[in-house]
Amino acid sequence: MTHITDLPVNDAGNGWTNILAPRVARPSLSGDVTCDWLVIGAGFAGLAAARRLSENNPEHRVVIVDACRVGDGASARNSGFVIDLPHNVGTDLDNLDMQRRSLRLARAAVKQLENTVQTNAIDCQWSHRGQYMAAASDKGEAVLDGFSAGLDALGEPYQEVSAHDLKSAIGTGYYRRAIFTPGTILMQPAALVRGVADALPETVELYENTPVTGSQFGSPHQFATPAGAIRARQVLLAVNGFAPAFNILKGRIFSLQLLASMTRALSQGELAELGCKPDWGVVPALPFGGPTMRLTQDRRLVMRSVFSYRHSRRVSADQYQKAKTLQAQQIQARFAALPKGIIEHTWAGSITLSQNFAPGFGKQADGVYSAVCQNGVGVTKGTISGILAADMASRRDNPLIADMEALGVPNRLPPRPFLDLGIAAKLKWWVHGSRVDG
Ligand SMILES: Cc1cc2nc3c(=O)[nH]c(=O)nc-3n(C[C@H](O)[C@H](O)[C@H](O)COP(=O)(O)OP(=O)(O)OC[C@H]3O[C@@H](n4cnc5c(N)ncnc54)[C@H](O)[C@@H]3O)c2cc1C
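Shown next as structure tokens:
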């Protein structure tokens, strides 16, 4: 049996979770279990997969386990953008077919999530607000020009937004201009992922606080957890960046840590002074430039602006402090009328990438499927990859599987320590090149 020692460790600072009422976690696994399907990981990918497996195979026993509580992992730590457009619109006008496939996949995920939110009345600030991609420099404006050319080529709707109109929308004159795209949905990620877990069909057994600490693929597949063994006919890995610990996609995917901060709720007076819409979302034109920003429906600003790479995924106390200081400065630079010292929560979370931005999707061995490596857009990509991996494993025909497969498979990465040095250098280069926009 392969021992799994690379297990998730989450800090306790996640503002999205901390501002919600406490939730009673489902019990951890105690005793041995034999099941038809085991899903490992209960983020957006795993939850979507477990639901779909149960729909596809109503007579089968479907078990899903997570090392932590639902709402502890990256699915609850993100910026809450449910993004429909592929990240590379405008960078590759010769590859529109791939972008159309990505759009179809993302929109199918949005539809599924919206249906779950509506059917189960999940209270997660689900909001059809769209998003602004904003630029504060020549370099950023050049990215906007490419973005609008890409949207034109795809026939996707958007609006050019002047500095004046953007100030009316988001309350700051910091940016030169923006492009508004209407398809993005904004939400409270911890509330959404908890809601999706609580809405799982009763036939799905969810065990929280149940790390898989050993795995042996075979017939049946066998897994160890601290208080019980699991035997499963088929397994679907939805552990994102932890897949290599299971010897899946080893040397092909890697994780970056992102740091984010959330303020206290602004007063009605402070909000009136900003004079903006009741909620909005802004992404920077240069991805490593300024912050990704939200104003939430409960009047909090959320800033995400720091990337870090360490193979261990460890984030030092100094990095948290530096991120909080930077994000406080970024708030002041944009909203000078707000008082200082309003940040209440600072946290880190992981995104998992491949060098060629391909997903870690599909059949990995007999009875072993994966829905990992969401390349930073896991709300939609995680959801759809979970659904499609479940369909592929259940042999259910779904034309979207071809779209997903067309996105390719993760390239092999250079070995460590070259990988570590390469990522660190590239990150430095990107961040440096984007500084003008920040
Ligand atoms: C700060 C930040 C901002 C982001 N903003 C956005 C955004 O606005 N929009 C967007 O789409 N994406 C965003 N992302 C990315 C997004 O959060 C991720 O892509 C998404 O959460 C991935 O979902 P997932 O289900 O694949 O993986 P995860 O949510 O990481 O779930 C994997 C689960 O596997 C579990 N696990 C791992 N190992 C084991 C084991 N051995 N045993 C049992 N369980 C295990 C983990 O505990 C975890 O819960 C952001 C990420 C961060 C950190």
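Numbering (numbering that gives the first Met the number 0), first residue to last: 0 to 437.
Note that the Cβ used here is the ideal one computed from N, Cα and C, for glycine as well.
Remark: C-beta atoms of ARG298 and ALA264 approach each other more closely than 8 Å. In this structure, PHE306 has its CB at a distance of at least 7 Å from all heavy atoms of ligand 1. Setting aside the 5 residues that flank it on each side, ILE422 is surrounded in the same chain by TYR308, each with a C-beta closer than 6 Å to its C-beta; the list follows chain order. Counting only runs that start and end inside the region 391 to 420, the alpha helix (DSSP H) elements of at least 4 residues fall at 399 to 405. When DSSP states are grouped into helix, strand and coil, LEU294 belongs to the strand group. When the five nearest sequence neighbours on each side are left out, the beta carbons in the same chain lying within less than 7 Å of the beta carbon of GLU272 are those of ALA336, in order along the chain. Exclusion of the five residues before and after ARG22 leaves GLY70 and ARG193 as the residues of its chain whose Cβ lies within less than 7 Å of its Cβ.
Rounded to whole angstroms, the Cβ separation of GLY79 and MET186 is 5 Å, and the two are in contact under 8 Å.
A Cβ-Cβ distance of about 5 Å is found for the pair LEU165 and ALA177, placing them in contact under the 8 Å criterion. No residue range can be given for LEU28, since it is assigned to no beta strand (DSSP E) and is classified by DSSP as neither H nor E. Between ARG103 and LEU325, the CB-CB gap reaches or exceeds 8 Å. Taking non-hydrogen atoms of ligand 1 into account, the C-beta of ALA405 is found less than 7 Å away from none of them. Collapsing the DSSP output to three states places ASP65 in coil. If you draw a 10 Å sphere on the C-beta of ALA364, you find fewer than 16 other C-beta atoms in it, and that means exposed. Contact check for SER353 and ASN410: beta-carbon distance about 6 Å, within the 8 Å limit, so the pair qualifies. Contact between the region 168 to 176 and the region 124 to 135 is present: 3 or more CB-CB pairs across the two stretches fall below 8 Å.
Among the bridge pairs identified by DSSP, SER126 is matched with LEU185.
Secondary structure note for HIS220: its beta strand (DSSP E) is the uninterrupted segment 220 to 224. Taken through DSSP and simplified to helix, strand or coil, GLN354 comes out as coil.
The C-beta distance from LEU6 to PRO210 rounds to 5 Å, short enough to fall under 8 Å. A Cβ-Cβ separation of about 6 Å places VAL88 in contact with PHE146 under the 8 Å criterion. Non-local beta-carbon contacts of LEU205 in its own chain, meaning distances under 7 Å to residues more than five positions away in sequence, involve ARG25, ALA41, ILE63, ALA196 and LEU199 in chain order.
Secondary structure within the region 247 to 279: the beta strand (DSSP E) runs of 3 or more consecutive residues, fully enclosed, are 253 to 262 (chain order).
For THR379, the Cβ falls inside the 7 Å cut-off from some heavy atom of ligand 1.
Listed in chain order, the beta strand (DSSP E) runs fully inside the region 293 to 333 are 300 to 307, counting runs of at least 3 residues. For the region 145 to 206, the continuous alpha helix (DSSP H) assignments of 4+ residues that do not extend past its boundaries occur at 162 to 169 and 188 to 197, in sequence order. A distance below 7 Å between beta-carbons, with the five flanking residues on each side excluded, links ASP10 to the following residues of its chain, in chain order: TRP346 and ALA347. Proximity of the region 34 to 52 to the region 381 to 390 meets the contact definition, three or more beta-carbon pairs being nearer than 8 Å. For CYS34, the pairing in a beta bridge is given by DSSP as ALA231. A buried status is given to ARG333, since no fewer than 16 other beta-carbon atoms sit within 10 Å of its beta-carbon. When beta bridges are read from the DSSP output, LEU112 appears opposite no residue. Looking at the DSSP output, TRP346 shares a beta bridge with ALA259.
Residue THR212 holds the alpha-carbon nearest to the alpha-carbon of GLY227 among GLN233, THR212 and LEU235. Boundaries of the beta strand (DSSP E) around PHE360: 359 to 364.
Residues GLY250, ARG251, PHE253, GLN354 and LEU418 of the same chain have their beta carbon placed closer than 7 Å to that of LEU412, with the five preceding and five following residues left out of the count. At a Cβ-Cβ threshold of 8 Å, LEU19 and ALA259 do not count as neighbours.
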